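Asker: Once you've had a glance at the structure underneath, I'll fire off some questions.
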Amino acid sequence: MNEKRVVFSGIQPSGDFTLGNYLGAVQNWVRDQAEKINYFCIVDLHTLTVPQDPVQLRERTRSLAAILLAAGIDPDKCTLFIQSHVTAHAEASWLLNCITPLGWLYRMTQFKDKSQKQESVLTGLLDYPVLMAGDIILYDAHEVPVGDDQKQHVELARDIAQRFNHLYEQPFFVVPEPFIPKVGARVMGLDNPSNKMSKSFAHIRGHAVGLLDDPKEIMRSFKRAKTDSGNDIIFSDEPEKAGVNNLLGIYRSITQKTKEAVEADFADARGYGDLKVRVGELVIETFAPIKARYESIMADPAELDKLLARGADQARQVAQPKLDQMKEIMGLVLPR
Ligand code: TYM
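Going by my numbering, the sequence shown opens with residue 222, and the numbers climb by one from there.
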């Protein structure tokens with residue numbers, strides 16, 4: 222079989238684009254885009270599962286599109302689009318709701334976690350992984366490159382695809398697989414290396430590093446990064462070394478070096494202070510050209526809109542017929 226593999230992944234326009242998003246997901250999307258058929262989606266409907274400011278959400282959606290292009294997503298090799306532009310996603314999620322047991326959704330750790338932090342939990346938050354399953358399986362994606370925190374959701378998408386195939390007795394959906402990078406799958410907060418670096422904690426100073434942050438601010442966060450009272454710059458699973466491990470992991474994910482080569486690079490370092498500055502500098506250097514391209518893309522909003530409209534057209538051509546077939550299989554009458 223020499224058919225090209227299909228890749229689907231998504232990202233929410235819910236806050237500042239972080240180093241975690243870059244290393245855990247986008248860097249890998251960019252690296253592999255030439256060999257596969259790629260769909261990358263800005264999942265604005267998912268963002269609505271917690272309350273949003275409408276003006277900010279609109280701005281963030283377009284800004285995130287510019288960031289992805291600036292980071293190297295090539296619209297000639299990938300289909301980059303906004304989820305709400307392709308209405309098949311919302312429709313598929315309704316159809317899939319009707320075959321997904323509620324218990325599967327209550328089990329999701331991200332739901333448990335996020336719902337505890339909300340005063341009033343919206344239905345959409347519980348239903349979130351069903352929409353995500355629809356995103357993926359509408360394109361018959363084989364691979365879903367995501368960070369570690371999304372693994373359970375992709376596994377649920379597998380379960381939903383398999384349940385549909387089983388209920389309707391045909392191999393209609395490709396059963397997708399999560400693709401988790403070996404390095405960078407879980408970038409931790411610089412302020413507290415036991416918490417995942419997250420857009421939702423970006424307001425806490427020194428927690429997350431944003432692509433658009435001022436380099437001085439980025440360096441300040443690295444200099445303040447939590448480490449331990451020792452001085453060994455080595456990879457280690459010891460809980461107290463989590464801070465050093467995180468810094469070395471960031472360095473390793475960007476340079477793609479082996480663990481041994483990374484440790485050798487720091488053999489001459491003068492303590493953790495030196496480690497923090499060198500990793501901070503590498504991140505700033507990595508972000509600088511992306512930030513420059515971002516500025517120029519944002520300076521031409523008409524071109525950005527054109528690219529996104531083209532992406533949505535391409536996505537629709539795949540998603541709509543799949544949705545129609547799905548409706549037919551489920552017994553709905555298609556309009557003639
Ligand atoms: P989101 O927007 O939270 O994150 C986008 C991607 O970034 C990864 N990521 C991280 N990786 C490593 N370390 C971190 N600290 C870190 N923080 C975030 C995430 O794992 C993700 O890959 N539900 C998804 C969006 C989505 C989706 C999809 C993904 C909707 N539909 C279909 C894949 C396929 C989410 O909220 O990602």
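All C-beta atoms in this analysis are idealised placements derived from N, C-alpha and C, irrespective of residue type, glycine included. What you are looking at is a predicted structure, and each value in this text was computed from that prediction instead of being measured.
Should E364 be labelled buried (16 or more other beta-carbon atoms within 10 Å of its own) or exposed?
Answerer: The residue you call residue 364 lines up with position 143 of the sequence shown. Per the 10 Å Cβ criterion, buried.
Asker: Exposed or buried, what is K403 when buried is set at 16 or more other beta-carbons lying within 10 Å of its beta-carbon?
Answerer: As a working mapping, residue 403 is identified with position 182 in the sequence shown. So K403 ends up on the exposed side.
Asker: The ligand TYM and I439: does any heavy atom of the ligand fall closer than 7 Å to the residue's C-beta?
Answerer: The sequence position of residue 439 within the sequence shown is 218, counting from 1. No; taking the cut-off as 7 Å, the Cβ of I439 has no heavy atom of the ligand TYM nearer than that.
Asker: In the DSSP assignment, the alpha helix (DSSP H) including Y349 goes from what residue to what residue?
Answerer: The sequence position of residue 349 within the sequence shown is 128, counting from 1. Here the alpha helix (DSSP H) through Y349 covers T344 to I358.
Asker: In whole angstroms, what separates the C-alpha of L388 from that of Y360?
Answerer: As a working mapping, residue 388 is identified with position 167 in the sequence shown. As a working mapping, residue 360 is identified with position 139 in the sequence shown. Straight-line Cα distance between these residues: approximately 20 Å.
Asker: Closer than 7 Å to a non-hydrogen atom of the ligand TYM - does that hold for the CB of I232?
Answerer: Taking the first residue of the sequence shown as position 1, residue 232 is located at position 11. Under cutoff, so the answer is yes.
Asker: Measuring only from the beta carbon, is L244 closer than 7 Å to any heavy atom that is part of the ligand TYM?
Answerer: Here residue 244 refers to the residue found at position 23 of the sequence shown. The answer is yes for L244.
Asker: What does a CB cutoff of less than 7 Å around N242 pick up in its chain, not counting 5 residues either side in sequence?
Answerer: Indexing the sequence shown from 1 puts residue 242 at position 21. Closer than 7 Å at the Cβ level, and outside the excluded window around N242, lie I232.
Asker: Closer than 8 Å is the cut-off here; do at least three beta carbon pairs connect the segment 463 to 475 with the segment 518 to 538?
Answerer: They do not touch, by the three-pair rule.
Asker: What beta strand (DSSP E) runs, 3 residues minimum, are completely inside the segment 223 to 280?
Answerer: The qualifying runs are 227 to 232 and 258 to 263.
Asker: Quick check on the burial criterion: 16 or more other C-beta atoms within 10 angstroms. Buried or exposed for V264?
Answerer: To locate residue 264, count along the sequence shown from 1; it is residue 43. Buried: at least 16 other Cβ atoms inside 10 Å.
Asker: Near F394, what residues of its chain come up, given a Cβ to Cβ distance below 7 Å and the 5 sequence neighbours on each side ignored?
Answerer: Walking along the sequence shown from the start, residue 394 turns up at place 173. Excluding sequence neighbours, F394 sits near I358, D361, A382, F385 and N386.
Asker: Using only alpha-carbon positions, find the residue among A246, A255 and V251 that is nearest to R226.
Answerer: Here residue 226 refers to the residue found at position 5 of the sequence shown. Taking only the C-alpha atoms, the option nearest R226 is A255.
Asker: On the criterion of 16 or more Cβ atoms from any shown chain inside 10 Å, does N452 qualify as buried, or is it exposed?
Answerer: Within the sequence shown, the letter at position 231 stands for residue 452. Exposed: under 16 other Cβ atoms inside 10 Å.
Asker: For G324, count the other beta carbons within 10 Å of its own beta carbon; 16 or more makes it buried, fewer makes it exposed. Which is it?
Answerer: The residue labelled residue 324 in the question sits at position 103 within the sequence shown. So G324 ends up on the exposed side.
Asker: Please return the same chain residues whose Cβ sits closer than 6 Å to the Cβ of K480, not counting the five positions on each side in sequence.
Answerer: The sequence position of residue 480 within the sequence shown is 259, counting from 1. The answer, listed in chain order, is F456.
Asker: Apart from the five residues just before and just after A490, which ones in its own chain have a Cβ nearer than 8 Å to its Cβ?
Answerer: Position 269 of the sequence shown holds residue 490. For A490, where only same-chain residues beyond five positions count, the Cβ hits under 8 Å are I454, L496 and R499.
Asker: Figure out for me which residue from L553, V554, Q535 and Q541 has the closest Cα to the Cα of K298.
Answerer: As a first step, residue 298 must be located in the sequence shown, where it is residue number 77. Nearest of L553, V554, Q535 and Q541 to K298, Cα basis: Q535.
Asker: For the ligand TYM, any of its heavy atoms closer than 7 Å to the Cβ of M353?
Answerer: Position 132 of the sequence shown, counted from the start, is the residue given in the question as residue 353. M353: yes, Cβ under 7 Å from the ligand TYM.
Asker: Could you give the DSSP three-state label for M551: helix, strand or coil?
Answerer: By one-based count along the sequence shown, residue 551 stands at place 330. M551: helix per DSSP, three-state reduction.
Asker: Give a single yes or no on whether K335 has its beta carbon closer than 7 Å to a heavy atom of the ligand MG.
Answerer: As far as ligands go, the structure on display features the ligand TYM and does not contain the ligand MG.
Asker: Compare the C-alpha of F400 against each of K372, N416, R445 and D545 and name the closest.
Answerer: On the sequence shown, position 179 is the one that residue 400 refers to. Checking every option, the nearest Cα to that of F400 belongs to K372.
Asker: Identify the continuous alpha helix (DSSP H) that holds I439 and give its terminal residues.
Answerer: As a working mapping, residue 439 is identified with position 218 in the sequence shown. Its alpha helix (DSSP H) spans residues P436 to K444.
Asker: Would you tell me roughly how many angstroms separate the C-alpha atoms of P321 and H374, rounded to the nearest one?
Answerer: Indexing the sequence shown from 1 puts residue 321 at position 100. Indexing the sequence shown from 1 puts residue 374 at position 153. According to the sequence shown, residue 321 is Thr rather than Pro. Taking the straight line from one Cα to the other gives about 13 Å.
Asker: Could you check what DSSP says for G431 in three-state terms: helix, strand or coil?
Answerer: By one-based count along the sequence shown, residue 431 stands at place 210. Strand at G431.
Asker: Quick one: Cα of M329 to Cα of L377, how far?
Answerer: The residue given as residue 329 occupies position 108 in the sequence shown. The residue given as residue 377 occupies position 156 in the sequence shown. About 9 Å.
Asker: Can you list, in chain order, the residues of its chain with a C-beta nearer than 8 Å to that of V483? Leave out the 5 residues immediately preceding and following it.
Answerer: Taking the sequence shown and counting its residues from 1, the one referred to as residue 483 is at position 262. Excluding sequence neighbours, V483 sits near F456, L469, Y472, R473 and T476.
Asker: Mind checking L433: buried by the 16 CB within 10 Å criterion, or exposed?
Answerer: Counting from 1 along the sequence shown, the entry for residue 433 is found at position 212. So L433 ends up on the exposed side.
Asker: Going by beta carbon distance, what residues of the same chain come within less than 6 Å of V351, once the five residues before and after it are set aside?
Answerer: Position 130 of the sequence shown, counted from the start, is the residue given in the question as residue 351. Correct list, in chain order: S314, L317, N318 and T321.
Asker: Specify the secondary structure class of F400 as computed by DSSP and reduced to three states.
Answerer: As a working note, residue 400 is residue 179 in the sequence shown. In this structure, F400 counts as strand in the three-state DSSP scheme.
Asker: Check whether the segment 282 to 293 and the segment 511 to 528 touch, using three or more Cβ-Cβ pairs below 8 Å as the test.
Answerer: The answer is yes - the segment 511 to 528 touches the segment 282 to 293, with three or more Cβ pairs under 8 Å.
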